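These notes concern the structure reproduced below.
Residue numbers (the working numbering), protein chains in the order written: chain A, 1159 to 1479; chain H, 16 to 421.
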């Protein structure tokens, strides 16, 4: 091929490839209209007796707990993760960009923003304590390249009463299997607070294993309770935890939900047999709910019964009490 | 000892030491790498967001898959290198690697939300990278007269890094312009990758000097016999030994973050700082290597790394650590290939470079495990001190071993 012909071929290829790329991007842009920037909901949807969740379009919406298949009342803020308790809500919003950031937005009873904390990474978990005092969240912070597998989780806690925020709790003194523990690879995620707004449970991962930890916020210390338990969620009466247990090396069937009775430390597998990668929320004292395959499902917390689909096209469920 | 066999085939004339000219084939390979890196870094930049926010998956699952694929990549690299030599078709094997990675962009779309399929696509992408690296470096080293190798690799690595820096910007421009359509990022990335493959096909030549006598052996046994050559064996041993005491970047960034002093949201910018320093230093340091000798510059790069560790233990200056880290890459990455290239006979050059690269990668993997353990037992400052001391000892040993070839 002569240099001139080669150049012509290159220019033609540039035109075709550039046209294809631009054409596809233009089509995709029209298909997915740009999401509207978040705005406070005009009418407050945060009323007791409602089930709040995040719609597939990314907005917080609600339905009556007694009629979860009703058309959701939308108009809530745009969130990637959402939780609420005692009239206060936390909304994690991803800010994609060359540098991935997340904003943790605290909302009051009328869904107005009261506080905004800028975080690194990608939203993963958000949880509000029952009283609405303690907010916690987890984000993924990725390294430079997925091919190096470099990422870690940063978990933060905000005391909304004092305004004090810890953006990464991994410096909390940790006792692992009864011994004080130090390691560089300690990662926490999935916090759940008890009713006293002081005791909390979470996952800690180190050395390739995950553990259930019990933390004391006031004394700022934590200890592991048992191995292989992720994303705990405490029952409203504070006696039981439902968590993800790793049961398979196959990434498609990795976790199964289990119940842990804190008095006897006995665990029971729940009737949901599919792998669930979510921190469950308690629908009531006997039932948990969780996001799976784009929908919200519920299952009895005692191992009986069978999973049922609660809301189509939803995630981040939370019951307003 | 094989220097006579490594004369460039594309009629390179003897050149002045001050010449800035780089053979067209190197520029073409640099352009291929630049375009390909834009494409691959586009995907790298958005993949965590796509997997977690769009598909709702857990990144931990990919961390697990990732560990498994290292062994596969190493085997593919060795086998691909050997095939390139056996068929005398380095460009073909490199092209297969580039092509496979390009197809992976579309396969990402096809994989949808299946974790197993996504894992397979990511493994295939890494296989493509494993396939193309050694033939590409062999092509560079066969296209340049030996006295200009350092500069040539410097130019190539600078172009490569420039593409890597552009990739995330292009990705987020597409993401912003389409209102968050990840599939558009993958399609654009595919088109860019195809352009890279086309550039390779049309502009890169595979120099094939006529073989003097009967066709030399290219069997795996002949590759293993490369290690019988004392000079090349020393380079392999030195590279692996130094790799064992080289901290992975992720640890350096983690330590910088623990030192604090900057907003958590800037954490992902740290690798960009290193890349920028690498980009600026690659060509001048490569030229320096051609003039002063590549082995001294390669070893000096590790001195920069020791300095980076000491700064990290001491005052913890962010910019100093990133610049030293970038200088380390500029003085070692391409320079090592420039050191080893002329030691390898042309007919086994790809296999030899693949062997060297695999040895170094394996050593670095071990170093991460080693450092993790030291950090756990003694703490981070002590771990850094151990690595710095280990580097110093290995460096002294390396100097006494390779001084003859300096």
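Using N, Cα and C, we set each Cβ at its ideal position, and we do this for glycine too. Since the model is a prediction, treat every value here as computed from it, not as a measurement.
- In this structure, residue 115/H sits away from residue 96/H, with a CB-CB distance that is not shorter than 8 Å.
- In this structure, residue 1324/A places its C-beta atom within 8 Å of the C-beta atom of residue 1314/A.
- Comparing alpha-carbon positions, the option among 202/H, 134/H, 117/H lying closest to residue 212/H turns out to be 117/H.
- Taking 8 Å as the cut-off, the Cβ atoms of residue 413/H and residue 259/H do not count as close.
- Under the Cβ distance rule, residue 222/H does not count among the residues neighbouring chain A, no pair being separated by less than 8 Å.
- Leaving aside the five residues that flank residue 267/H on each side, none in its chain has a CB nearer than 6 Å to its CB.
- Of the residues 328/H, 312/H, 281/H, the one whose Cα lies closest to the Cα of residue 1277/A is 281/H.
- Among the bridge pairs identified by DSSP, residue 209/H is matched with none.
- At least 8 Å separates the beta-carbon of residue 358/H from that of residue 240/H.
- With 16 or more neighbouring CB atoms inside 10 Å of its own CB, residue 1473/A falls in the buried class.
- A Cβ-Cβ separation of about 5 Å places residue 1373/A in contact with residue 1358/A under the 8 Å criterion.
- Ranked by Cα distance from residue 290/H, the options 334/H, 251/H, 325/H are led by 334/H.
- Neighbourhood of residue 343/H in chain A, by CB distance below 7 Å: empty, with the nearest CB roughly 15 Å away.
- Considering only 325/H, 369/H, 342/H, the residue with the shortest C-alpha distance to residue 405/H is 325/H.
- Contact with chain H is absent for residue 1209/A, since none of that chain's Cβ atoms lies less than 8 Å from the residue's Cβ.
- Here the alpha carbon of residue 1398/A sits roughly 13 Å from the alpha carbon of residue 1415/A.
- According to the DSSP assignment, residue 1473/A belongs to the beta strand (DSSP E) that extends over 1472-1477.
- Proximity of residue 305/H to chain A, defined by a Cβ-Cβ separation below 8 Å, is not satisfied.
- Residue 1279/A is bridged by DSSP to nothing; it lacks a bridge partner.
- Contact residues of the region 33-48 of chain H toward chain A are absent (C-beta to C-beta distance below 9 Å).
- Under the three-state reduction of DSSP output, residue 1249/A falls in the strand class.
- Among the residues facing chain H, residue 1369/A is not included, as its CB has no counterpart in that chain under 8 Å away.
- In the DSSP annotation of this structure, residue 57/H is not part of any beta strand (DSSP E); the continuous alpha helix (DSSP H) holding it starts and ends at 39-64.
- Going by DSSP, residue 113/H is part of the alpha helix (DSSP H) stretching over 105-126.
- When C-beta distances to chain A are compared with 7 Å, every residue of the region 357-380 of chain H stays at or above that value.
- Residue 85/H sits close to residue 380/H, with the two beta carbons spaced by under 8 Å.
- Within 10 angstroms of the beta-carbon of residue 102/H lie fewer than 16 other beta-carbons, which makes it exposed.
- Residue state for residue 1369/A is assigned as strand, using DSSP reduced to three classes.
- For residue 1399/A, the enclosing beta strand (DSSP E) stretches over residues 1398-1404.
- Judged by their CB atoms, residue 321/H and residue 232/H are not nearer to each other than the 8 Å cut-off.
- Counted as a single uninterrupted DSSP element, the alpha helix (DSSP H) harbouring residue 297/H occupies residues 285-307.
- Contact check for residue 297/H against residue 172/H passes: the beta carbons are separated by less than 8 Å.
- In the three-state reduction of the DSSP assignment, residue 277/H falls in the coil class, being assigned neither a helical nor a strand state.
- Under the 8 Å criterion on CB atoms, residue 1471/A is classed as non-interfacial with respect to chain H.
- With distances taken between CA atoms, residue 1255/A lies nearest to 191/H out of 332/H, 133/H, 191/H.
- According to the DSSP assignment, residue 408/H belongs to the alpha helix (DSSP H) that extends over 395-417.
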